[in-house]
Amino acid sequence: MSGAAPWTIAGVRAALAAKKISARELAAEFYSRIDRRNAELNAYLTLSPERAYAQADRIDAAVSRGETLPPLAGVPMAIKDVISTRGVRTTCASKMLEDYIPPYDATAAERLERAGAVFLGKTNCDEFAMGGSNENSAYGPVRNPVALDRVPGGSSGGSAAAVAAGLAVAALGTDTGGSIRQPGAFCGIPGLMPTYGRVSRYGLVAFASSLDKIGPFAGNVADIAAVTAAIAGHDTYDSTSAAVPVPDYAAGLEKPVQGLRIGVPEDYFGKGLDPEVQEKIHAGIALLERLGCRRIPLRMPHTDYAIATYYIIATAEASSNLARYDGVRYGLRAPGATLTEMYRQTRDRGFGSEVKRRIMLGTYVLSAGYYDAYYLRAQRVRALIARDFSDAFEKVDAIITPTAPTTAFRLGEKTADPLQMYLADVYTVTGSLAGVPGISVPCGKTRAGLPVGLQIFGPHFSEERVLQIAHAFEAAGGFSL
Ligand code: GLN
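Quick look at the structure:
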């Protein structure tokens with residue numbers, strides 16, 4: 008990014024209100040940045056200038072009428088390409104949906120528009136959000152703007168890279184097993200996975216329905232709070248969205264963290280954790296202690312089973328959700344002499360190898376004879392992992408862990424070995440299975456200049472608390488963009 012301070016949501020509002028810039032000019036500035044950088048980063052798959060300028064013009068008209076501006080007025084945003092956007096191609100980074108143009112907006116997108124945001128375009132990701140490096144996209148990998156030979160993390164790699172490179176002020180991602188928190192950590196920006204049910208999934212193309220969450224990336228925690236406030240809340244279109252009131256997240260940010268009990272589970276500091284990452288996380292915990300938090304050692308004994316449990320449940324749900332791509336109802340259809348041949352050809356050409364692997368795994372663990380041994384058992388272990396969290400929250404207000412065991416790895420480093428890729432999710436999938444909120448906040452950089460993310464989990468619907476701790480940490484550490 009250039010020497011100028013990055014745009015923030017508050018900065019955009021102030022500049023618009025003072026008529027220093029119009030929303031249209033701001034959108035144009037971001038499109039010229041995208042022009043300069045996107046060929047190299049591959050963060051955006053589709054740009055939506057028509058929609059962006061129409062949104063910007065509505066904001067400019069409101070400014071000229073002297074109206075009170077909505078909370079995200081004129082904020083240039085990117086949206087992960089698994090979230091439906093009316094009139095704007097939504098591919099899920101898959102050949103299967105290469106030409107799919109949704110006729111409606113996901114609730115989260117609709118709420119962002121209502122809050123005044125400007126949609127620059129749709130961001131690259133792992134195909135159907137399956138991956139942890141953004142290398143599973145049918146449209147090529149995303150590069151990490153911090154180090155171009157490295158992955159941005161995944162699956163929401165395009166959204167994270169866009170924000171980190173200054174090609175959007177904020178972005179929506181989705182997190183099923185870590186896909187907001189891990190790319191946030193790898194690219195050096197905060198990213199929040201809200202509580203399951205906090206944000207409507209209506210219009211989100213399903214991967215694993217009991218785990219999928221939509222959440223924000225931004226350059227700082229206050230902006231994360233602003234975007235979360237705009238998209239959170241009950242939605243009659245999603246029966247799993249919760250009718251829990253949405254607090255004023257911005258107002259809670261400045262509350263002192265003095266006296267809060269932070270749990271540090273030793274299970275998250277074992278084999279596989281990079282020593283330099285560990286050092287940074289310990290320094291981060293020490294910083295929280297200096298802010299007055301009380302450190303409490305914890306055991307979360309089922310942590311070791313989380314990867315296996317997650318990959319059974321996520322693939323089972325994926326195999327069911329992806330059955331709909333049959334060449335009849337959506338997207339691609341490959342010709343075939345018989346109906347079965349048409350299904351086979353369509354799914355063979357439309358899906359990439361990771362998606363196929365998961366459909367096969369998921370079908371296997373759900374099949375008669377294996378259901379009890381795998382799927383049912385995984386559901387039981389999921390309950391035990393959730394109990395680790397609820398037991399911990401009897402004693403502590405938040406749990407602090409590393410977001411990922413390593414910093415951003417090199418492109419191609421783990422593609423040959425899916426198991427190695429899955430192991431990178433070891434610290435994020437626990438919270439996903441439990442359905443609790445988790446944020447990754449920047450926690451300094453290694454000697455090689457690679458960002459480290461610190462993860463903060465809270466009890467269900469405690470986003471306000473999680474954001475408050477993250478904000479205090481960011482302010483004290485000077486870790487924002
Ligand atoms: N890396 C995890 C997976 O591949 C998480 C993906 C996600 O959160 N969408 O399933």
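Residues 8 to 488 (this note's numbering) make up the sequence shown, in order. All residues carry an ideal CB built from backbone N, CA and C; glycine is no exception. Quick caveat: nothing in here was measured; it's all calculated off a predicted structure.
Item to complete: Kindly indicate which residue of 359, 99, 276 has the alpha-carbon position closest to the one of residue 304.
Response: Looking at 359, 99, 276, the one whose alpha-carbon comes closest to that of residue 304 is 276.
Worksheet item: Which runs of the alpha helix (DSSP H), 4 residues or longer, sit entirely within the segment 227-251?
Response: Runs of the alpha helix (DSSP H) inside the segment 227-251: 228-238.
Worksheet item: Considering only the beta carbon of each residue, do residue 406 and residue 415 sit closer than 7 Å?
Response: no
Worksheet item: Any heavy atom of the ligand GLN closer than 6 Å to the Cβ of residue 136?
Response: yes
Discussion item. For the ligand GLN, I want to know if residue 432 counts as a neighbour, meaning its beta carbon is within less than 6 Å of at least one of the ligand's heavy atoms.
Written reply: yes
Worksheet item: Can you list, in chain order, the residues of its chain whose CB lies under 6 Å from that of residue 236, leaving out five sequence neighbours each side?
Response: Within the same chain, residue 236 has close Cβ partners 256.
Item to complete: Could you pull out every residue in the same chain whose Cβ sits closer than 8 Å to the Cβ of residue 333, ignoring the five residues on either side in sequence?
Response: 350, 353, 354
Item to complete: Run the CB neighbour count on residue 306, radius 10 Å, all protein chains shown included, and call it buried at 16 or more, exposed below.
Response: exposed
Fill in: the segment 437-446 / the segment 181-189 touching (three or more Cβ pairs under 8 Å)
yes
Worksheet item: For the ligand GLN, is there a heavy atom less than 6 Å away from the beta-carbon of residue 359?
Response: no
Practice prompt. Look at the alpha carbon of residue 191 and the alpha carbon of residue 229, and state the distance between them as a whole number of angstroms.
Written response: Near 15 Å, if we compare the C-alpha coordinates of residue 229 and residue 191.
Worksheet item: From the DSSP output, which residues share a beta bridge with residue 51?
Response: 130
Item to complete: Measure the C-alpha to C-alpha separation of residue 194 and residue 171 and round it to an integer number of angstroms.
Response: Those two C-alpha atoms are separated by around 6 Å.
Worksheet entry | residue 398 Cβ short of 6 Å to the ligand GLN heavy atom set | no
Worksheet entry | Residue range of the unbroken beta strand (DSSP E) whose run includes residue 102 | Per DSSP, residue 102 lies in no beta strand (DSSP E) and is assigned neither H nor E.
Worksheet item: What are the start and end residues of each continuous beta strand (DSSP E) run of 3 or more residues lying completely inside the segment 419-485, in chain order?
Response: 445-452, 458-464
Worksheet item: Using DSSP with H/G/I as helix, E/B as strand and the rest coil, what is residue 164?
Response: helix
Practice prompt. Could you name the residues of the same chain whose beta carbon sits closer than 7 Å to that of residue 213, not counting the 5 residues immediately before and after it, in chain order?
Written response: 219, 328
Practice prompt. Mind reading off the beta-carbon distance from residue 385 to residue 292? Whole number of angstroms is fine, and I expect it under 8 Å.
Written response: Not confirmed; about 31 Å, so no contact.
Fill in: Buried or exposed by the 16-neighbour rule on C-beta atoms within 10 Å, applied to residue 155
exposed
Item to complete: Return yes when the C-beta of residue 202 is under 6 Å from any heavy atom of the ligand SAM, and no when it is not.
Response: With respect to small molecules bound, the structure shown includes the ligand GLN and not the ligand SAM.
Worksheet item: How long is the line joining the alpha carbons of residue 200 and residue 339, rounded to whole angstroms?
Response: 31 Å
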